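Colleague: Before anything else, here's the structure in question.
Right, dumping it as structure tokens:
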């Protein structure tokens, strides 16, 4: 099979590294289709990461930060799939199934690994359930929608000051470029649109940036970082240095040391981990689980495999390794493409020698910081340079035109305020609770049933000023079924007593399952009967 | 309570009728806040319905068809909630809970019902599960994403011609304005973007418009409707007249008479039903369940309640009733607002006497049909009038500027091709199958477990050329658990034998539930054991 077909280069990942490798390979193809290029990416678009935070405020259109890969790479075969596994012995990639449940297997002759890294909340209590990452377009759109939803709710929740303050507090963890840009855009956005909410007072809004080190933007010089911090604070962002986010629940961000910030919106850009597929490869890894390459971007311990971008540890000329930035990834793409062509045709390989041009970060409201060729620039000029450089780097003149026109309109028009809800998922939800927190309160509507994965809770009935503890619940037990089966409000309060993870099923799904899984229903009903009897006795005694 | 507060006008629904009522009420308010205006809508935006089909092709930005209600109505209190119930005796509205499970109750003195209607697939086999409605922004975005996904899948499904043809066939049911515009936009869009898919041949694309009557666009004169039909057909749309969509599965649209069209994309703009909340009101109803009003828009059988738009049956001067169009709804809003103010202040009520200006529909690609003041117009001029009128009617100059600039850019740039996937719902899915259809095939990946709600299926093992029927399954039984519990591929094929509705749970959710609902797991395991034993015996005998 392999002998009879063209040589095939397979690229995994459609970020800066992967897309620019394919682009330079296409250029090298010439007229003949000497080899085949396949790119596997889970989205059909390339994300222009540096502009992603602008999606939050809608200052550029939702789709303008991304470009369809098919338009950028007309001679590449794009597979919009997840990568399930890589087999370097049989030289095959298995991708996830599409409309029909068959796995697809793609054979390769040359492989490029450009899968980036992932934000990984594992091991941090409550973060997987309640913190939002900020990596791709879906994250940005979801954050934007969530923020608008929080404002809408705050506008009508006037009799619950605690909930109201949680809804109007926005916490961002991570003080690198990504976290700082998100905090700046989020802050600008909520302060601008809040004016449209008659019942929200601007002084009620809080945007908090939590950072574990003693200054933000470790990528930049101290002077520039301090300038950025001053600007953020002037605009109303609370900057918390030397502070680590340790845990989260649906209602609060919990800092190391135990301080709690009540919030319904928690974004975290840290910590990052290697992509699980890269992590699973039996190849030597460097710092942060990155693949070790030589200066030709060839992966150590493998043949005909190149790695680049955030998943690769590429040596720099002056010692050290390339930082994980777009400017490096896209230039690595050119080097990798050249070296692959050299492998196919024979020829001289070239080393990656780029040393970096500088760093830039936007701070919202026509302000930015930049360090270019050793020179510090800040304020409006930095912002203007930032815009111009990114505009020129955007792929395709069509996209440039659109973004330029959005930016122009943005100077004239108020921020977008539309919450784009896509229709209901019928979902099972995971939630984390900390001791003292209530899962639900006596008298609430019965909207879901909970299963305790681990941790503990107590069931409490309030009776005037008294509280009667009806039961203690632990791992594997469930609660909340009564109000659902009896179509009534909650008969008791359930309060967490030891850090607890739960799964919960909304009423509608629960009813469907209960109706068609007779065993489940019977079990539930008998448990309910026992509990009702036991509770009646306790209440009588209490 | 009621005596001490301001009079409150509550408007249910944020479409043309509701928003224009609030707008005219705000105008009447003057400087003093003589009465309070509350508007309840489940989205925080107003949808400019006539432009919604343009979202499919992205010829205007995704958010440009909608306007934030808060910006349109700065003096109205907006509640972004679902209406759960209306109690006309106690004069209260109950809305759905938000972040916390409390119901909100809103008292009213004057009530405006402007809830529109809904597309209702109940009673049509498989349509609730597999047909997509086209009513709001989420529907439009979802359709667009689904179409792009189908193209992406077709691009890599080259070894399954049946699936490939289903993926490249798009069926729209309903030949009124909405269905015709959707078919026209969908057709333009897929034919334009398919050029970016190297492995898709334009001749493989099919867009089918299914309509139950003998001509499309019953709202227009026959001549104009025939013109529209000719244009659609010239562009490649297959128009099927006198044909009713009867049922659907995940793989086909089933027409009355039994003909089946293999498709993975089925949109239906019919049939429409009254809003369930209106349906539940104990008030006299007219045709199609609409509320009967007098010419002052007052609801018959109730006091201080007005109804307008698609949920109201408003008498017309020359006999008959107002058609359900935007031009009527927004003018009814003005009349209703005037009459409410007359009720509050005392004064003369006015009758609704508007007779209609005409009808317009876009056909994509700079073409439209219009019937204005009795004159028929078609082609480019109609399209130009269509654009101009709608542009002027868009609320707010900001929105107009954005749409005008999008339209201008659209003349220069190719159609958007980005699939905006929002992150995974963890969902339970409902599916419908027809006899002969396979739920899954022996050897497929085990990706979900199924529960039969009603209908029948057989479990078949293929053994070379032979088929052994292992079991017959009916209502309440489940299948597909084996591959999930054993982490393997499907050991047998399951084929539908009588029209069947199923619920299914994806692997991930199933595993979570099975792990924490011990009873469920035990039951499943014992059923699995029995089945394995029985199957082994049958296979041995077979």
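Protein chains in written order, with the numbering used here: chain A, 207 to 748; chain B, 207 to 748.
Quick reminder that beta carbons are idealized off the backbone N, C-alpha and C, glycines included.
Fair warning: this is a prediction, and the values are worked out from it, not measured in the lab.
(1) May I have the straight-line CA-CA distance separating residue 666 of chain B from residue 744 of chain B, to the nearest angstrom?
(2) If we cut at 8 Å on Cβ distances, does residue 217 of chain B have a partner in chain A?
(3) Relative to the C-alpha of residue 290 of chain B, which residue among B:246, B:317 and B:272 is closest?
(4) Alpha helix (DSSP H) containing residue 688 of chain A: first to last residue?
(5) How long is the line joining the alpha carbons of residue 403 of chain B and residue 275 of chain A, rounded to whole angstroms?
(6) Using the Cα positions of residue 652 of chain A and residue 710 of chain A, report the straight-line distance between them to the nearest angstrom.
(7) Taking the continuous beta strand (DSSP E) assigned at residue 178 of chain A, which residues delimit it?
(8) Taking just the CA atoms, how far does residue 370 of chain A sit from residue 677 of chain A?
(9) Evaluate contact between the segment 380 to 392 of chain B and the segment 311 to 319 of chain A, counting only Cβ atoms and requiring at least three cross-stretch pairs below 8 Å.
(10) Just the chain A side, please: which residues come within less than 9 Å of residue 678 of chain B by C-beta, in chain order?
(11) Quick one: is residue 688 of chain A buried, meaning 16 or more other Cβ sit within 10 Å of its Cβ, or exposed?
(12) Note down the Cα distance separating residue 207 of chain A from residue 213 of chain A, rounded to an integer number of angstroms.
(13) For a minimum of 4 consecutive residues, which ranges assigned as the alpha helix (DSSP H) are wholly contained in the segment 523 to 600 of chain A?
(14) Taking a Cβ distance cut-off of 8 Å, strictly less, list which residues of the segment 678 to 695 of chain B are near chain A, in chain order.
(15) Taking buried to mean at least 16 other C-beta atoms within 10 Å of its own C-beta, is residue 509 of chain B buried or exposed?
(16) Taking the alpha helix (DSSP H) that residue 441 of chain B falls in, what are its first and last residues?
(17) So does the segment 584 to 603 of chain A actually touch the segment 439 to 447 of chain A, counting three or more Cβ pairs closer than 8 Å?
(18) Give the residues from the segment 258 to 274 of chain B that approach chain A closer than 7 Å (Cβ to any Cβ), ordered along the chain.
(19) Among A:211, A:353 and A:574, whose alpha-carbon lies nearest the alpha-carbon of residue 437 of chain A?
(20) Below 8 Å, can you find three or more Cβ-Cβ pairs linking the segment 534 to 546 of chain A to the segment 227 to 239 of chain A?
(21) Could you compute how far the alpha carbon of residue 150 of chain B sits from the alpha carbon of residue 636 of chain B?
(22) Using the rule of at least 16 other Cβ atoms within 10 Å of the residue's Cβ for burial, across every protein chain shown, is residue 693 of chain B buried or exposed?
(23) Can you tell me the Cα-Cα spacing of residue 381 of chain A and residue 565 of chain A, whole angstroms?
(24) For chain B, check one thing: does any of its Cβ atoms lie closer than 8 Å to the Cβ of residue 303 of chain A?
(25) By the three-class DSSP mapping on this structure, what secondary structure does residue 502 of chain A have?
(26) Determine whether the Cβ of residue 653 of chain B lies closer than 8 Å to any Cβ atom of chain A.
(27) Using 8 Å as the limit for Cβ to Cβ distance, is residue 633 of chain B near chain A?
(28) Listing by chain order, which chain B residues have their CB less than 7 Å from the CB of residue 243 of chain A?
(29) Can you tell me whether residue 718 of chain A is helix, strand or coil according to DSSP?
(30) Does residue 510 of chain A come out as helix, strand or coil in the three-state DSSP assignment?
(31) Using the Cβ count rule (16 or more neighbours within 10 Å means buried), how would you classify residue 439 of chain B?
(32) Taking any Cβ of chain A, which residues in the segment 293 to 322 of chain B have a Cβ under 8 Å from it, in chain order?
(33) Residues of chain B with CB under 7 Å from residue 398 of chain A, in chain order?
(34) Quick check on the burial criterion: 16 or more other C-beta atoms within 10 angstroms. Buried or exposed for residue 592 of chain A?
(35) In the structure shown, what three-state DSSP assignment does residue 496 of chain B receive?
(36) Check the Cβ of residue 546 of chain B against every Cβ in chain A and list those closer than 8 Å, keeping chain order.
Modeller: Once the coordinates are examined:
(1) 11 Å
(2) At a cut-off of 8 Å, the C-beta of residue 217 of chain B has no neighbouring C-beta in chain A.
(3) B:246
(4) 687 to 691
(5) 11 Å
(6) 12 Å
(7) Only positions 207 to 748 of chain A appear in this structure, which leaves residue 178 of chain A out of reach.
(8) Within the model, the alpha-carbon separation for residue 677 of chain A versus residue 370 of chain A is close to 31 Å.
(9) no
(10) Residue 678 of chain B does not reach chain A, its nearest Cβ partner there being about 18 Å away, counting only Cβ pairs nearer than 9 Å.
(11) Classification of residue 688 of chain A: buried, given that the 10 Å Cβ count is 16 or more.
(12) Only weak support exists for where residue 207 of chain A lies, its pLDDT of 40 falling under 50; the coordinates are left without a value.
(13) 532 to 551 and 586 to 599
(14) 682 and 684
(15) exposed
(16) No alpha helix (DSSP H) holds residue 441 of chain B; DSSP gives it neither H nor E.
(17) no
(18) 267, 268, 269, 272 and 274
(19) A:574
(20) yes
(21) Outside the displayed range of chain B (207 to 748) lies residue 150 of chain B, so it cannot be described from this structure.
(22) exposed
(23) Note on geometry: alpha-carbon atoms of residue 381 of chain A and residue 565 of chain A lie some 15 Å from one another.
(24) yes
(25) Residue state, collapsed to three classes: coil.
(26) Chain A contact via Cβ: present.
(27) Output row for residue 633 of chain B: interface = yes.
(28) None at all; the shortest Cβ gap to chain B is about 11 Å.
(29) helix
(30) coil
(31) Exposed, since its Cβ has fewer than 16 Cβ neighbours within 10 Å.
(32) 303, 304, 305, 306, 307, 308, 309 and 310
(33) Chain B residues near residue 398 of chain A: none, gap ~12 Å exceeds 7 Å.
(34) buried
(35) coil
(36) Neighbours of residue 546 of chain B on chain A: none; closest Cβ ~21 Å, over 8 Å.
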